[in-house]
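Peer 1: Could you have a look at this structure, given as structure tokens, before my questions?
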Amino acid sequence: MVQQLQPTTDDIFYPESDGKPLADNTLQFELITTIKYGLEALFKDDANVFVAGDLLWYPEQGQPKINQAPDVMVVVGRPKGHRRSYKTWVEDNLNPHVTFEIASETNTIKELEEDKLKFYQNHGVEEYYLYDPNRTKLKGWLRSAEKLEPIPQMPGWVSPRLGIRFELVASQLVLYYPNGERFATYLEIIELKDLAQQQAELERLAKEQERQRAEQAEEALEQAEEALELERLEKQQASQRAEQAEASLQALRSQLKAKGIDPEQFEL
Numbered sequence: 146m147v148q149q150l151q152p153t154t155d156d157i158f159y160p161e162s163d164g165k166p167l168a169d170n171t172l173q174f175e176l177i178t179t180i181k182y183g184l185e186a187l188f189k190d191d192a193n194v195f196v197a198g199d200l201l202w203y204p205e206q207g208q209p210k211i212n213q214a215p216d217v218m219v220v221v222g223r224p225k226g227h228r229r230s231y232k233t234w235v236e237d238n239l240n241p242h243v244t245f246e247i248a249s250e251t252n253t254i255k256e257l258e259e260d261k262l263k264f265y266q267n268h269g270v271e272e273y274y275l276y277d278p279n280r281t282k283l284k285g286w287l288r289s290a291e292k293l294e295p296i297p298q299m300p301g302w303v304s305p306r307l308g309i310r311f312e313l314v315a316s317q318l319v320l321y322y323p324n325g326e327r328f329a330t331y332l333e334i335i336e337l338k339d340l341a342q343q344q345a346e347l348e349r350l351a352k353e354q355e356r357q358r359a360e361q362a363e364e365a366l367e368q369a370e371e372a373l374e375l376e377r378l379e380k381q382q383a384s385q386r387a388e389q390a391e392a393s394l395q396a397l398r399s400q401l402k403a404k405g406i407d408p409e410q411f412e413l
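Numbering follows this note's numbering, in which position 187 of the sequence shown is assigned residue number 332; successive positions increment by one, without gaps.
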């Protein structure tokens with residue numbers, strides 16, 4: 146009789162994709178990437194905060210069918226770096242602390258507010274945030290003991306774990322950093338970068354113009370000083386010529402007197 150061996154945990158295959166697209170539309174994709182990269186920017190100086198988007202998370206070893214791919218997830222206490230999937234037992238048994246879901250037309254309320262909520266609740270997520278841009282619905286759940294409890298009022302809410310603030314502005318989700326700055330889209334970041342470069346160029350041109358004006362003023366001052374010096378030299382030379390003429394005249398008078406001639410006769 147041939148004994149059928151059970152696969153070891155090392156032999157079990159954990160897919161790296163659930164076969165679903167990252168986003169079903171451009172707005173959903175923009176929101177996901179804005180949140181993901183905004184959080185990466187927030188924790189850029191903390192080597193032990195891992196942020197991922199649409200990464201398959203396996204919370205239980207040996208159970209590849211138990212998985213979820215949050216649109217965005219944050220794990221505090223795990224190093225940054227690329228991963229093909231997130232396996233809790235490989236990551237010091239740390240589950241994601243915060244998860245985000247951005248709804249699309251294909252998502253159902255049951256999927257997002259029941260199935261995923263239950264999954265996140267059962268696997269240690271501390272905060273779960275859901276935004277539906279089509280219905281302008283913003284919801285959140287915060288862990289209390291063993292349950293994720295609904296957050297009564299989301300606009301103005303500040304995440305205890307992340308420190309970011311949630312707002313609905315013109316019916317659109319807007320997130321704010323702890324310093325009050327708004328999460329920006331990639332395009333807005335590029336536009337801000339371009340604006341900063343333009344401002345830097347304007348400042349450079351202004352400094353160059355100021356330098357040229359200073360050089361021109363210095364040159365004008367030097368020219369004025371040269372003109373004054375030339376005028377002084379001309380006056381000095383004129384004075385010397387007058388003194389020399391007076392000396393010559395006095396010498397001539399002396400010569401005439403020596404010869405017994407009255408110089409006054411010649412109007413000298």
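Just so it is clear, CB atoms sit at the ideal spot from N, CA and C, and this is done for glycine as well.
I'd like the ranges of any beta strand (DSSP E) spanning at least 3 consecutive residues and lying wholly in the segment 158-210.
Peer 2: The qualifying runs are 194-197.
Peer 1: Is it the case that the segment 154-166 contacts the segment 193-202, given that we only count it when at least three CB pairs across the two stretches are under 8 Å?
Peer 2: Result yes; three or more Cβ-Cβ pairs closer than 8 Å.
Peer 1: Count the other CB atoms within 10 Å of the CB of His227; is the residue buried (16 or more) or exposed (fewer)?
Peer 2: Exposed, because fewer than 16 other Cβ atoms sit within 10 Å of the Cβ of His227.
Peer 1: From Ile247, Ala248, Phe245, Val219, pick the residue whose C-alpha is nearest to that of Glu236; which is it?
Peer 2: Taking only the C-alpha atoms, the option nearest Glu236 is Val219.
Peer 1: Is it the case that the segment 307-321 contacts the segment 277-293, given that we only count it when at least three CB pairs across the two stretches are under 8 Å?
Peer 2: They touch, by the three-pair rule.
Peer 1: What is the DSSP secondary structure of Val147, reduced to helix, strand or coil?
Peer 2: Reliability of the predicted coordinates at Val147 is poor, the pLDDT of 35 falling under 50, and the value obtained from them is presented with this limitation in mind. Three-state result, Val147: coil.
Peer 1: Please classify Val270: does DSSP put it in a helix, a strand, or coil?
Peer 2: Looking at Val270 - three-state DSSP - the assignment turns out to be coil, as it is neither helix nor strand.
Peer 1: Does the distance from the CB of Asn170 to the CB of Ser249 come in under 8 Å?
Peer 2: Yes, they are a contact pair.
Peer 1: With a threshold of 7 Å on Cβ separation, who are the neighbours of Gln343 within its own chain once the five nearest residues in sequence on each side are excluded?
Peer 2: Hits under 7 Å: none found.
Peer 1: Here's the rule I'm using: 16 or more other beta-carbon atoms within 10 Å means buried, otherwise exposed. How should Pro241 be labelled?
Peer 2: Pro241 comes out buried.
Peer 1: Look at the alpha carbon of Tyr182 and the alpha carbon of Val217, and state the distance between them as a whole number of angstroms.
Peer 2: About 10 Å.
Peer 1: Please classify Lys404: does DSSP put it in a helix, a strand, or coil?
Peer 2: Correct three-state label for Lys404: coil.
Peer 1: Identify which residue in Lys352, Trp234, Phe195, Leu275 has its Cα closest to the Cα of Ile177.
Peer 2: The residue with the shortest Cα to Cα distance from Ile177 is Leu275.
Peer 1: Would you kindly check if the distance between the Cβ of Leu293 and the Cβ of Trp286 is under 8 Å?
Peer 2: Going by C-beta atoms, Trp286 is nearer than 8 Å to Leu293.
Peer 1: Report the partner residues of Tyr322 according to the DSSP bridge assignment.
Peer 2: In DSSP, Tyr322 forms no bridge with anything.
Peer 1: Indicate the three-state DSSP secondary structure (helix, strand or coil) for Leu397 in the structure shown.
Peer 2: Helix.
Peer 1: Where do the N-terminal and C-terminal ends of the beta strand (DSSP E) with Ser444 fall, by residue?
Peer 2: Outside the shown range of the chain (146 to 413) lies residue 444, about which nothing can therefore be said.
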